[in-house]
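Protein chains in written order, with the numbering used here: chain F, 3 to 156; chain A, 3 to 156. Just so you know, even glycine gets a beta-carbon here, dropped at the ideal spot from N, CA and C. One structure is given below, encoded as structure tokens.
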DNA sequence: CACATATTGACAACATAAATGTCAATATGA
DNA sequence: TCATATTGACATTTATGTTGTCAATATGTG
């Protein structure tokens with residue numbers, strides 16, 4: 003029982019550390035973007051396109067879990083900087099497929115590579131198995147938090 | 003080398019999962035606040051006062067790592083709901099000590115207890131040692147991200 | 001103890017991320 | 001073909017902060 007309480011306490015604290023973690027990470031990412039001309043939200047668009055290939059604005063919105071209207075804004079910024087280009091969409095004629103341009107592809111690859119070098123450096127003294135464990139715990143937590151399981155407890 | 007890459011990749015993804023984790027957690031917390039009359043930011047004030055005892059507005063701002071002007075706003079809301087009360091501060095006469103009222107104390111205790119029951123439920127099938135590992139990894143990450151170490155890599 | 005400096009609370013302006021509402025144009029599918 | 005849905009564009013609103021400023025008051029040092 004004591005151990006159970008300890009675990010819950012630690013899990014509770016872990017969950018509340020997600021905000022400091024996110025803030026520290028985003029601050030760092032922002033600094034890494036200095037000089038690239040990218041904003042954090044433009045970077046998000048490029049990253050998704052790089053990871054999943056071209057997509058429509060509503061597609062990207064679904065992946066980012068934010069409203070398409072806001073994504074449209076983000077995407078338009080990347081379009082006007084020639085980081086992406088709208089190509090005719092065979093599946094839907096008014097919804098263009100947004101694709102990375104060569105310029106956009108190179109930029110996001112540079113940015114991600116630089117970020118990964120930093121992460122490699124920061125993770126040097128963390129055990130690989132521990133990282134895997136942490137990752138699993140976090141993924142499980144997200145899943146549980148998003149499900150409505152346990153709602154009756156409230 | 004392969005393992006190092008794998009670890010870095012996983013660490014990178016773990017870091018980027020901090021936002022989904024935080025969002026899922028805060029959405030859930032918000033739902034838990036339904037019917038209490040509390041907002042998330044009022045809850046934050048009460049939680050700090052409950053955990054650390056009474057404090058001045060600038061103290062709370064330091065703990066939350068946000069500007070005192072915004073914390074003032076948050077605190078004023080709790081004051082006007084009689085969840086907290088300003089008491090003369092022996093150490094500084096214009097800066098009142100903000101303390102929980104009985105009403106505030108009972109409310110935050112209820113809220114936290116309910117949240118912990120939910121966390122206990124969600125963590126039931128997660129190993130205690132894994133939680134401890136995840137917690138350590140996350141704390142280490144936050145520390146590394148906040149330090150300027152590795153800046154030269156950028 | 002006087003005086004320069006800091007702290008506090010209050011208020012206003014601004015920034016950013018995002019949600020929400022609406023519309024016209026166009027697609028899609030029964 | 002015609003009802004319904006999707007998309008992009010645009011406007012408004014909300015939440016969560018930051019930044020700047022001010023007057024009142026404290027604090028601490030010579």
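Collapsing the DSSP output to three states places residue 68 (chain A) in coil.
Residue contact with chain A for residue 97 (chain F): absent (no Cβ-Cβ distance below 8 angstroms to any residue of chain A). Residue state for residue 50 (chain A) is assigned as helix, using DSSP reduced to three classes.
Taking a C-beta distance under 8 angstroms as the contact criterion, residue 45 (chain A) and residue 35 (chain A) qualify as a contact pair. By the Cβ criterion, the segment 105-113 of chain F is not in contact with the segment 128-140 of chain F, since fewer than three pairs of Cβ atoms, one from each stretch, lie closer than 8 angstroms.
Residue 25 (chain A) has its alpha-carbon roughly 12 angstroms from the corresponding atom of residue 145 (chain F). Looking from the CA of residue 63 (chain A), the closest CA among A:20, A:76, A:53 and A:152 belongs to A:76.
In this structure the segment 51-62 of chain A touches the segment 71-88 of chain A; the number of beta carbon pairs closer than 8 angstroms is three or more.
Residue contact check for residue 115 (chain F) against chain A: no CB pair falls below 8 angstroms. Straight across, the Cα-Cα distance linking residue 150 (chain F) with residue 22 (chain A) is about 16 angstroms. Per the DSSP secondary-structure output, residue 86 (chain F) pairs in a beta bridge with F:102. Cβ neighbours of residue 57 (chain F) within its own chain (closer than 8 angstroms, five residues either side excluded): 50, 51, 65, 99 and 100. Between residue 91 (chain A) and residue 97 (chain A), the C-beta spacing is below 8 angstroms. Annotated three-state conformation of residue 126 (chain A) is coil, per DSSP.
Taking CB atoms only, residue 72 (chain A) has no neighbour in chain F less than 8 angstroms away. Cβ proximity to chain F below 7 angstroms picks out nothing from the segment 57-88 of chain A. By alpha-carbon distance to residue 9 (chain F), the top candidate from A:148, A:117 and A:131 is A:131. Residue 117 (chain F) is positioned such that its CB atom lies no closer than 8 angstroms to that of residue 47 (chain F).
Taking a Cβ-Cβ threshold of 7 angstroms, the residues of chain F close to residue 22 (chain A) are 144, in chain order. Look at residue 141 (chain A): its C-beta is under 8 angstroms from a C-beta on chain F.
Taking the C-beta atoms as reference points, residue 113 (chain F) is found no nearer than 8 angstroms to residue 16 (chain A). When DSSP reads this structure, residue 57 (chain A) sits in a beta bridge with A:100. Counting along the chain, residue 28 (chain A) sits inside the alpha helix (DSSP H) bounded by residues 20-35. Not a single C-beta of chain F is nearer than 8 angstroms to the C-beta of residue 43 (chain A).
Contact between residue 40 (chain F) and residue 109 (chain F) holds: CB atoms are separated by about 7 angstroms, below the 8 angstroms threshold.
At a Cβ-Cβ threshold of 8 angstroms, residue 152 (chain F) and residue 19 (chain A) do not count as neighbours.
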